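Residue numbers (our numbering): -14 to 508.
C-beta: ideal position from N, C-alpha, C; glycine also.
Keep in mind the model is a prediction, meaning the values are calculated, not measured.
Some notes on the structure that comes next.
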Ligand code: AMP
Ligand code: MG
């Protein structure tokens, strides 16, 4: 017997859709697209009442120019970056001033927990999906309003677009799973934030932009049929256990298999963030990728002087997303995904077990990573733990530069390491214990000392996208129209583990003018 209408949980109220350009509004062009395009996520069977995606055209921008195309990202799809840079058709496509013939752009719907509060409908408010090329989804960020823009303008400003473009590619070069960035287009169109700025569009690329929030949306709409479709899509994307991807298996088991894999990937991604000192800044569930990719670059940061409680997002008043909170928040976000999957599973235990996967995977990933970073892979546990704790205590008390501290150790440069601390003496006792540990570890591994250092340098970057460096790139573009620093930094960050003598200064801690740089959600 069904519960009476009055006893059923009611659906959350949703805001009205934002007026947006209808399909056919933007010019159609044929930039000579290669074979291999597909509708991507929009290819999932549609439901008229609750579609996964809605068609929407981009809105035009004035005076667009292609600032950069990532050679590596272009190559993923068999595209040639130089050809794209000089093609007016691609410029039109990548700025959202035209749509490819036969390729209807669209926005997808999702929900999410923002700073712990459930928002029943968010969606791609300023991201337009173009479809997929050879299995890579292309998405324009900042190409105008969509049905999900709510009260906002659908745009992205130059400064945040430069940060996203550079950081996506930098994270990839660091070996950290991330969405990629194909291109960045600058425009003269004004955009109002705290002041008037100019608009830009980044074309992001990923095998999928599926978020935890997609599952939360269809769970909260009580559309278990559509939730099940999303699970099948997720399982396929994740390539979980082949048995789990056969639709013959009950949906409950497929959902649990999916959660296990998402948990494993999220754990590995979060451990890598912690290892490199990366802070996402807005770890809301709508910014969490089912594929365990770093997604939605906003007020992110890399740690300069170490402070475990550092909050990189100026709008995060309570430090919910501080550096040290990230592993815990990742787990909390996964528990929101588990909650969304519950109606398909109808049992707590298998979901809780999948969440436990996160804890064990994270512990294993971070331990392995830090042992490699410090070059102490075979040090016995009873030496390792206290040495590691005291290392972080030293970084914290002396506010030592996170990137340079690991890098100095990777060169065996004790003096350079001590120079990072205002009180050099404070480093001495830790360094002498470290030297003993290194000797012990080397003896156990039978590894030549220089080879150990080489291995450390291949995992401890010299260059990360520090806020002050991003700021230099942005001000050169904004104030002088000079794109050279953008190209220099993009190329530098493609090989962050190498020495680049010409660009040595970009490895430095923030100069005085940048001590109080702040980044916020405004983008
Ligand atoms: P974010 O904090 O950037 O992850 O964005 C949260 C939500 O707000 C997402 O649904 C975004 O699409 C939407 N959003 C953010 N900025 C804008 C904007 N300028 N115009 C339209 N939607 C936006
Ligand atoms: Mg977002």
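List the DSSP bridge partners of residue i.
{"i": "residue 369", "result": "Residue 369 is not bridged to any residue."}
{"i": "residue 182", "result": "176"}
{"i": "residue 279", "result": "163"}
{"i": "residue 191", "result": "122"}
{"i": "residue 40", "result": "91"}
{"i": "residue 386", "result": "290"}
{"i": "residue 50", "result": "171"}
{"i": "residue 298", "result": "504"}
{"i": "residue 102", "result": "99"}
{"i": "residue 22", "result": "118"}
{"i": "residue 113", "result": "125"}
{"i": "residue 263", "result": "287"}
{"i": "residue 85", "result": "14"}
{"i": "residue 321", "result": "Residue 321 is not bridged to any residue."}
{"i": "residue 141", "result": "185"}
{"i": "residue 274", "result": "196"}
Determine, using beta carbons only, whether residue i and residue j come nearer to each other than 7 Å.
{"i": "residue 509", "j": "residue 248", "result": "Examination of residue 509 is not possible in this model, given that the chain is present from -14 through 508 alone."}
{"i": "residue 186", "j": "residue 121", "result": "no"}
{"i": "residue 459", "j": "residue 144", "result": "yes"}
{"i": "residue 38", "j": "residue 93", "result": "yes"}
{"i": "residue 438", "j": "residue 480", "result": "no"}
{"i": "residue 116", "j": "residue 25", "result": "yes"}
{"i": "residue 446", "j": "residue 457", "result": "no"}
{"i": "residue 140", "j": "residue 153", "result": "no"}
{"i": "residue 322", "j": "residue 197", "result": "yes"}
{"i": "residue 284", "j": "residue 449", "result": "no"}
{"i": "residue 129", "j": "residue 72", "result": "no"}
{"i": "residue 223", "j": "residue 246", "result": "yes"}
{"i": "residue 418", "j": "residue 372", "result": "yes"}
{"i": "residue 361", "j": "residue 310", "result": "no"}
{"i": "residue 347", "j": "residue 252", "result": "yes"}
{"i": "residue 216", "j": "residue 233", "result": "no"}
{"i": "residue 123", "j": "residue 225", "result": "no"}
{"i": "residue 199", "j": "residue 291", "result": "no"}
{"i": "residue 8", "j": "residue 48", "result": "no"}
{"i": "residue 270", "j": "residue 17", "result": "no"}
{"i": "residue 375", "j": "residue 415", "result": "yes"}
{"i": "residue 411", "j": "residue 364", "result": "no"}
{"i": "residue 46", "j": "residue 174", "result": "yes"}
{"i": "residue 511", "j": "residue 27", "result": "Because residue 511 is not part of the residues shown, which for the chain are -14 to 508, the question remains open."}
{"i": "residue 268", "j": "residue 327", "result": "no"}
Which whole-angstrom value is the C-beta distance of residue i and residue j, which I expect to be below 8 Å?
{"i": "residue 571", "j": "residue 451", "result": "Outside the modelled stretch of the chain, which goes from -14 to 508, sits residue 571, for which no answer is possible."}
{"i": "residue 393", "j": "residue 380", "result": "In fact, because the Cβ distance is near 12 Å, the residues do not count as touching under 8 Å."}
{"i": "residue 29", "j": "residue 214", "result": "6 Å"}
{"i": "residue 86", "j": "residue 148", "result": "So it is not a contact: roughly 33 Å between Cβ atoms."}
{"i": "residue 169", "j": "residue 316", "result": "Not really, about 34 Å apart at Cβ, beyond 8 Å."}
{"i": "residue 407", "j": "residue 453", "result": "The pair is not a contact, with the Cβ atoms about 20 Å apart (cut-off 8 Å)."}
{"i": "residue 473", "j": "residue 488", "result": "6 Å"}
{"i": "residue 133", "j": "residue 110", "result": "5 Å"}
{"i": "residue 171", "j": "residue 50", "result": "6 Å"}
{"i": "residue 250", "j": "residue 219", "result": "Between residue 219 and residue 250 the Cβ distance is about 11 Å, and since that is not below 8 Å, they are no contact."}
{"i": "residue 260", "j": "residue 358", "result": "6 Å"}
Of the choices the options, whose alpha-carbon is the least far from that of residue i?
{"i": "residue 508", "options": "370, 180, 166 and 395", "result": "180"}
{"i": "residue 329", "options": "287, 203, 265 and 223", "result": "203"}
{"i": "residue 22", "options": "483, 63, 52 and 334", "result": "63"}
{"i": "residue 331", "options": "198, 129 and 238", "result": "238"}
{"i": "residue 84", "options": "98, 53 and 125", "result": "125"}
{"i": "residue 89", "options": "40, 378 and 348", "result": "40"}
{"i": "residue 99", "options": "285, 49, 287 and 273", "result": "273"}
{"i": "residue 243", "options": "183, 319, 114 and 313", "result": "319"}
{"i": "residue 518", "options": "226, 408, 212 and 68", "result": "A question about residue 518 goes unanswered here, because the residues of the chain that appear run from -14 up to 508."}
{"i": "residue 67", "options": "123, 167, 96 and 220", "result": "167"}
{"i": "residue 137", "options": "217, 5 and 96", "result": "5"}
{"i": "residue 113", "options": "80, 119, 142 and 61", "result": "80"}
{"i": "residue 182", "options": "333, 146, 403 and 151", "result": "146"}
{"i": "residue 405", "options": "420, 384 and 413", "result": "384"}
{"i": "residue 502", "options": "465, 455, 490 and 475", "result": "455"}
{"i": "residue 161", "options": "461, 444, 135 and 475", "result": "444"}
Practice task
Determine contact between the stretch 337 to 357 and the stretch 247 to 259, defined as no fewer than three beta-carbon pairs at a distance below 8 Å.
Solution key: Cβ pair count under 8 Å is three or more, so yes.
Practice task
Kindly confirm or deny that the stretch 51 to 58 and the stretch 150 to 165 touch, where touching means at least three C-beta pairs closer than 8 Å.
Solution key: Taking one beta carbon from each stretch, the stretch 51 to 58 and the stretch 150 to 165 have 3 or more pairs nearer than 8 Å; the two touch.
Practice task
Report yes or no: do three or more beta-carbon pairs, one from the stretch 264 to 273 and one from the stretch 289 to 301, lie closer than 8 Å?
Solution key: Contact between the stretch 264 to 273 and the stretch 289 to 301 is present, with at least three C-beta pairs closer than 8 Å.
Exercise for the section: State whether the stretch 100 to 118 contacts the stretch -4 to 5, with contact taken as three or more CB pairs (one from each stretch) at a distance under 8 Å. Expected result: The stretch 100 to 118 makes contact with the stretch -4 to 5: 3 or more CB pairs, one atom from each, lie closer than 8 Å.
Practice task
Report yes or no: do three or more beta-carbon pairs, one from the stretch 427 to 435 and one from the stretch 476 to 494, lie closer than 8 Å?
Solution key: They do not touch, by the three-pair rule.
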